[in-house]
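I have placed the structure first, in the form of C-alpha cells, so that the comments after it can refer back to it.
Structure, rendered in C-alpha cells:
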C-alpha cells in the first residue's frame with residue numbers, strides 16, 4: 045500500500061475516534077434539547093367523576109289549624125247533646141241565602157245533608173259524580189271521614205230500605221268574638237240516575253251559614269226538623285192515604301195535622317194504631333182523621349219523634365216553629 049493511501053486511512057480513523065469522544069462529552073443541556081425533540085405518546089389519566097350527594101330540602105308537614113271541634117254524627121242517638129241547625133232557624137234553612145244564626149258558645153250543633161237512592165248499585169254509581177263541600181271561613185275542611193253511609197225506610201215498600209250517604213257533622217268549641225262562615229252540601233259534575241229519576245249535572249244542594257257565638261242559654265235537644273236528606277227531585281206518585289195496621293176496626297176520633305212553616309217541603313210518616321204519610325209543601329197544613337193511641341213519627345226519613353200518646357181531638361205537629 046502506498047504511503048499516501050496509508051495516510052488517508054489514518055485520517056479517517058482519527059476523525060471517527062474524535063467523533064465518538066465528542067459524543068461522550070456532550071453537555072447535558074444539549075442532550076435534553078435533543079431528547080425533547082422526540083415525540084412520545086403519554087396517556088394522561090382522566091379524573092373520574094365523583095358523585096356528590098346534594099342534601100335535599102327537608103319536607104315540613106303543614107298542620108291545618110282547626111277553627112272548631114269537628115266530629116262525625118248522623119243518628120241523633122249517637123250525639124244526643126247536639127242540636128240540629130234548624131232549631132236556630134224559625135223559617136227553615138235556605139239554600140240560596142246566607143243563614144245567619146246566633147248560637148250559645150258552649151252549644152254543640154249538628155249539620156247534615158245527603159243523597160238517597162233506590163238501591164246500592166245506583167248509590168255506588170251516583171257517588172262517582174257527587175262532589176262534597178265542607179268549608180269554614182273559605183277554607184276546605186272536607187275529608188272522607190265526614191261521610192256516613194246509612195239506610196232509611198222505603199216510603200212505599202214496607203220493610204224495604206233505601207241506602208244513602210250523608211255529610212253529617214257536629215260542631216263545637218265556638219269562640220265569642222269570632223264569626224264562622226260555613227258552607228256544606230254537595231253538587232253534581234254529571235247527570236245521575238238515583239233509581240227513581242234523573243238529576244241534571246247542574247244540580248247542587250249547598251247551604252251557607254253565618255254563625256255568631258254568644259252568651260245565651262243553651263238549647264235542650266229534642267224533636268226538630270233538619271235539612272231534607274234527599275233534596276233530589278221527588279218522584280210524582282199517587283197521594284198516600286192513611287193505612288190502618290192489622291187488628292180490630294179502628295175508630296177515627298182525632299184529627300192529626302202537620303203544619304209546615306219551613307221554606308222547603310217535607311215528608312212526615314206517623315206509625316201507631318195507623319200509618320199516616322204526610323207530604324207537606326212549604327207554608328201548607330195537611331190533616332187526616334186518625335185513631336187515638338201512641339204514635340212515633342219520622343221526618344224526611346231521618347229525624348225521629350215520639351213515641352207519644354195522641355188523644356186530643358186535634359193534634360198538630362208544627363215544623364220550623
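In our numbering, the protein residues as written are 45 to 365.
All C-beta atoms, glycine included, are put in the ideal place defined by N, C-alpha and C.
Rounded separation between residue i and residue j - CA only
| i | j | result |
| --- | --- | --- |
| residue 128 | residue 180 | 18 Å |
| residue 115 | residue 333 | 42 Å |
| residue 255 | residue 225 | 6 Å |
| residue 326 | residue 359 | 19 Å |
| residue 221 | residue 227 | 20 Å |
| residue 245 | residue 346 | 26 Å |
| residue 306 | residue 324 | 10 Å |
| residue 330 | residue 312 | 10 Å |
| residue 315 | residue 309 | 20 Å |
| residue 86 | residue 57 | Interpretation of residue 86 is limited by its pLDDT of 44, a score under 50 that renders its predicted location unreliable; no figure is taken from the coordinates. |
| residue 182 | residue 193 | 26 Å |
| residue 171 | residue 348 | 26 Å |
| residue 253 | residue 141 | 9 Å |
| residue 237 | residue 195 | 18 Å |
| residue 350 | residue 362 | 14 Å |
| residue 243 | residue 168 | 15 Å |
CB of residue i within 8 Å of CB of residue j, strictly
| i | j | result |
| --- | --- | --- |
| residue 153 | residue 160 | no |
| residue 239 | residue 208 | no |
| residue 113 | residue 217 | yes |
| residue 177 | residue 230 | yes |
| residue 364 | residue 156 | no |
| residue 262 | residue 126 | no |
| residue 338 | residue 356 | no |
Host alpha helix (DSSP H) of residue i (start-end)
| i | result |
| --- | --- |
| residue 366 | Only positions 45 to 365 of the chain appear in this structure, which leaves residue 366 out of reach. |
N-terminal and C-terminal residue of the beta strand (DSSP E) that residue i is part of
| i | result |
| --- | --- |
| residue 352 | 347-354 |
| residue 309 | Looking at the DSSP string, residue 309 is not in any beta strand (DSSP E), and its letter there is neither H nor E. |
| residue 358 | 358-363 |
| residue 232 | 224-232 |
| residue 253 | 248-258 |
Supposed contact pair residue j and residue i - C-beta distance, whole angstroms, cut 8 Å
| i | j | result |
| --- | --- | --- |
| residue 232 | residue 210 | Not quite, the Cβ-Cβ distance comes to about 16 Å (not below 8 Å), so this is no contact. |
| residue 175 | residue 249 | The Cβ separation is near 11 Å, so there is no contact. |
* Asked: Per the contact definition of three or more C-beta pairs closer than 8 Å, is the region 292-310 in contact with the region 321-335?
  -> yes
* Asked: Within the chosen definition, does the region 138-146 reach the region 110-124 through at least 3 CB pairs nearer than 8 Å?
  -> no
* Asked: Should the region 159-178 be regarded as contacting the region 128-137, the criterion being three or more beta carbon pairs within less than 8 Å?
  -> no
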